[in-house]
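FYI, the numbering for the sequence shown is 1 to 702, going by my numbering. A quick write-up on the structure given underneath.
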Amino acid sequence: MNKNLHDLSKSQDQFKTLVELLVDRAKHQPQQTAYVFLREGEVEEARLTYAQLDEKARAIATYLQSRKATGERVLLLYPPGLDFIAAFFGCLYANVVAVPVYPPKRNHNLSRLQAIATDAQTKVALTVSSTIELIQSKFAEVSEFADTQLLATDTVAISQAANWQPPEINQDTLAFLQYTSGSTGKPKGVMVSHHNLLRNSEYMRQIWKCDSNSVMVTWLPVFHDMGLIYGVLQPLYAGCPCYMMSPTSFIQKPLRWLQAVSQYKATHSGSPNFAYELCVLKTTPAERASLDLSSWQMTLNGAEPVRASTLDKFTEAFKSVGFQLETFSPGYGLAEATLAIVAVPVKEAANYYSVQTASLEQKEVVESTGKEKSQTFVSCGRPGIDTKVVIANPDTLNQCQPQEIGEIWISGSTVAQGYWQRPEATKETFGAYLKDTQEGPFLRTGDLGFFHNGELYIAGRIKDLIIIRGSNHYPQDIEQTVEESHPALRLGSCAAFSVDVDGIEQLVIVQEVERSYLRNLNSQEIIGAIRKAVSQKHYLQVYAVLLLKTATIPKTSSGKIQRRACRSGFLDQTLNVVGEWVQESPQSVDLEQLQIESESSWENMRDFAQPQTTVQVITKETIQTWLIDYLSKNLHISAKDIEITESFAYYGIDSNFATNIVYDLSEWLKLDLDPTLLWEYPSIESLVEYLESQHKQLETVA
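Here it is in structure tokens:
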């Protein structure tokens, strides 16, 4: 262990802010590697030591201080890489409140970014020189950004570091605003202080044993709380190196994440549940055999429901190369509590608990005998440090009895300060008191859970929030998009919800049709318009669309949509359907069968996306055929129904699908293609024209 590493068990007394922590790291461990960025998840492109990060942060802070930005909120609009980290700490060093947001893309609307900028009252945005022109062009489209200063931090002279003036901050100073993914209309910025971050980091250090001997690997997006706090700040707190890749690199090829864990002997990492499913689905037996995962001590599973079947499948797939079930650490948390609230300790296998399904409907927990229909829950561990978790009845506000399901309420030093400029919402969410004991204040999470043997189990959500691949989506936003997508759709008569399909949450839309359209209903046209609108506005792929007869969608007596009744009706097939489309479900992964079929059969599953073994002439026609075949096979739609002039969004593809198709095209055509290509060339016709020209240029050079 590094001789200069301080005793972090005393860190709460020693460091009051993250600025003090990084300054101390730079002083005592200047040449130690802090962060490494892996281009395409494989090649080391950039590296930062603690001294270099401290110097860059000082320079950027001086730059911000000279522009009188102290105390202001500043947007961070960065592509994947280490420039974001330097800018984030530059903001902390200048006492500027960072607002991390996903950077805009070509052909994407700015509604969410615009709403965040308005709510946070930002006047400055930071990025890098490689993206500044694109962002400037996007800002020019929206009047609200007319007065926003856009600055490229990679052009800041490092010599400015010498002029840095340490800010007047303390543990309660606001560090950044975490805008929770979800509503685009009224986003809420969670106010996270230095104290919140340090206390949460200490909890994670204790529960997961992350120290200077550890190695972190992460692909999580840094504008998400799990990616920023666990993936970026926790390695700094522990004093260990962190190897980073972009989310796109992982989505394109999940093996890259596992290869990085293997190559760098990572001890710590983490992902939402869906990522572990992808790793099983998209790796071959030969690829798995090339790995060594024996160094992996802990991997967080959080940000979406944790499934026992996923833990078992992943362990079964990778146990031969050193992965163990107890490496998984299922956890629960939310941005309003900084990040982690409870988690299973390192090297302890998570407990499973099977509950009778009938009892769950009564908000009660009755253990399954194995004879009746049941649901298996995964333990998320016990609260730590000074965090208190209680289960409360969301209606009576009294504490629940043991074996009762209720709302999860939290108190402790990791609970954030509230929502930026929203006192009423802050009081409602952060100021709850138990009616029977008057104990409080508590943070109301909106999530349902129960305790069993002292461990917390998550049982669902009170709110109708939709969580897909770790991102939150408010159904009201999706419903509004759907209702506005076609004149045949009845306003105020739509329900959006998620269902579990083979262990993965999928989006379902139920929508009433106007009476005047029923006689000559064109279901295909209407459903296509819905899928296109949801894809364009929310970057989500729809699993099913049901068009209902007028005045039949379940509503309350006051006219409110009953989403849960709609969901039950969908599952029970009791809705009054006049038109529908359901995506054919991909087959679930059977590991035993996969081993029997061997690697060759796995390659056959991927043949259509790979170059043929025989020499093939690349022409406009062959590229077009490839794309139609790809969409048909992966979206489960007939090739004859695919129009080359129609936008990709019309077919309801999401951002992950778009990333994958570009990666497979790159492999087939042997071209280096930008992952955002489908947003720049949004139809088969326009994409084919571009790809043919690029291939011809490559042949000319060759």
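Glycine residues also receive a C-beta, built at the ideal position from the N, C-alpha and C atoms.
Rounded separation between residue i and residue j - CA only
{"i": "T155", "j": "I116", "result": "26 angstroms"}
{"i": "T299", "j": "V222", "result": "17 angstroms"}
{"i": "V513", "j": "I553", "result": "10 angstroms"}
{"i": "I408", "j": "H695", "result": "56 angstroms"}
{"i": "V365", "j": "V415", "result": "28 angstroms"}
{"i": "Q583", "j": "I468", "result": "16 angstroms"}
{"i": "F145", "j": "A152", "result": "16 angstroms"}
{"i": "A26", "j": "P80", "result": "24 angstroms"}
{"i": "V346", "j": "I509", "result": "40 angstroms"}
{"i": "F176", "j": "A238", "result": "21 angstroms"}
{"i": "T556", "j": "A432", "result": "27 angstroms"}
{"i": "T218", "j": "Q536", "result": "28 angstroms"}
{"i": "A350", "j": "Q234", "result": "22 angstroms"}
{"i": "Q136", "j": "E326", "result": "48 angstroms"}
{"i": "L197", "j": "R531", "result": "40 angstroms"}
{"i": "Q52", "j": "Q31", "result": "8 angstroms"}
{"i": "L547", "j": "Q506", "result": "18 angstroms"}
{"i": "Q259", "j": "E287", "result": "9 angstroms"}
{"i": "S568", "j": "L48", "result": "52 angstroms"}
{"i": "Q65", "j": "N163", "result": "10 angstroms"}
{"i": "H636", "j": "I642", "result": "11 angstroms"}
{"i": "V589", "j": "D211", "result": "Because the pLDDT of V589 is 36, which lies under 50, any placement of that residue in the model is unreliable, and the number read from its coordinates should be weighed accordingly. About 36 angstroms."}
{"i": "T17", "j": "D24", "result": "11 angstroms"}
Reference residue i, options the options, closest by Cα
{"i": "Q206", "options": "I341, R58, A425, G227", "result": "I341"}
{"i": "T445", "options": "G406, L18, I169", "result": "G406"}
{"i": "E479", "options": "R307, G492, A488", "result": "G492"}
{"i": "G231", "options": "Q438, D147, V36, E367", "result": "V36"}
{"i": "T729", "options": "T17, G71, E42, L82", "result": "In the structure as shown, the chain begins at 1 and stops at 702. Residue 729 is therefore absent and cannot be evaluated."}
{"i": "A459", "options": "T437, S485, Q403, T481", "result": "Q403"}
{"i": "K633", "options": "E646, I661, T622, S647", "result": "I661"}
{"i": "G270", "options": "Y243, I85, P285", "result": "Y243"}
{"i": "F88", "options": "S111, I60, E168, Q165", "result": "I60"}
{"i": "S246", "options": "E428, G227, Y264", "result": "G227"}
{"i": "Q747", "options": "S262, K282, K313", "result": "What is shown of the chain runs 1 to 702, which leaves residue 747 out entirely."}
{"i": "L255", "options": "K265, L236, N273, K282", "result": "K282"}
{"i": "A266", "options": "L278, S359, P241", "result": "P241"}
{"i": "P187", "options": "F15, Q476, D292", "result": "Q476"}
{"i": "D147", "options": "A161, Q114, P167, N163", "result": "Q114"}
{"i": "V390", "options": "A425, D447, V344", "result": "D447"}
{"i": "L278", "options": "S359, A317, V344", "result": "A317"}
{"i": "F442", "options": "R490, N398, Q421", "result": "N398"}
For residue i, the residue or residues it bridges with in DSSP
{"i": "H452", "result": "E455"}
{"i": "P247", "result": "BP columns for P247 are empty, so no partner."}
{"i": "Y352", "result": "V378"}
{"i": "E44", "result": "L38"}
{"i": "K388", "result": "S411"}
{"i": "C494", "result": "Q511"}
{"i": "L547", "result": "Q511, G579"}
{"i": "V74", "result": "A98, V124"}
{"i": "D500", "result": "E505"}
{"i": "F328", "result": "T299"}
{"i": "T33", "result": "T49"}
{"i": "R444", "result": "W409"}
{"i": "R461", "result": "D447"}
{"i": "L489", "result": "V513"}
{"i": "Y419", "result": "V190"}
{"i": "H268", "result": "M216, M298"}
Anticipated Cβ contact below 8 angstroms, residue i with residue j, distance rounded
{"i": "Q709", "j": "H194", "result": "There is simply no residue 709 to check, as the chain begins at 1 and stops at 702 in what is shown."}
{"i": "Y276", "j": "F377", "result": "Y276 to F377, Cβ: 17 angstroms. No contact."}
{"i": "V101", "j": "A69", "result": "The Cβ separation is near 17 angstroms, so there is no contact."}
{"i": "V124", "j": "Y78", "result": "Not confirmed; about 14 angstroms, so no contact."}
{"i": "T180", "j": "A335", "result": "5 angstroms"}
{"i": "S683", "j": "T645", "result": "6 angstroms"}
{"i": "V534", "j": "W581", "result": "Contact flag wrong, Cβ pair sits at about 13 angstroms."}
{"i": "L75", "j": "V99", "result": "5 angstroms"}
{"i": "V499", "j": "F570", "result": "7 angstroms"}
{"i": "P394", "j": "I462", "result": "6 angstroms"}
{"i": "A120", "j": "Y93", "result": "The Cβ separation is near 20 angstroms, so there is no contact."}
{"i": "E55", "j": "I158", "result": "6 angstroms"}
{"i": "Y50", "j": "L22", "result": "7 angstroms"}
If we require 3 or more residues per run, which beta strand (DSSP E) segments fall completely within the region 118–202?
124–127, 149–152, 174–179, 189–193
Runs of alpha helix (DSSP H) wholly within the region 201–266 (minimum 4 residues, chain order)
234–238, 247–252, 255–263
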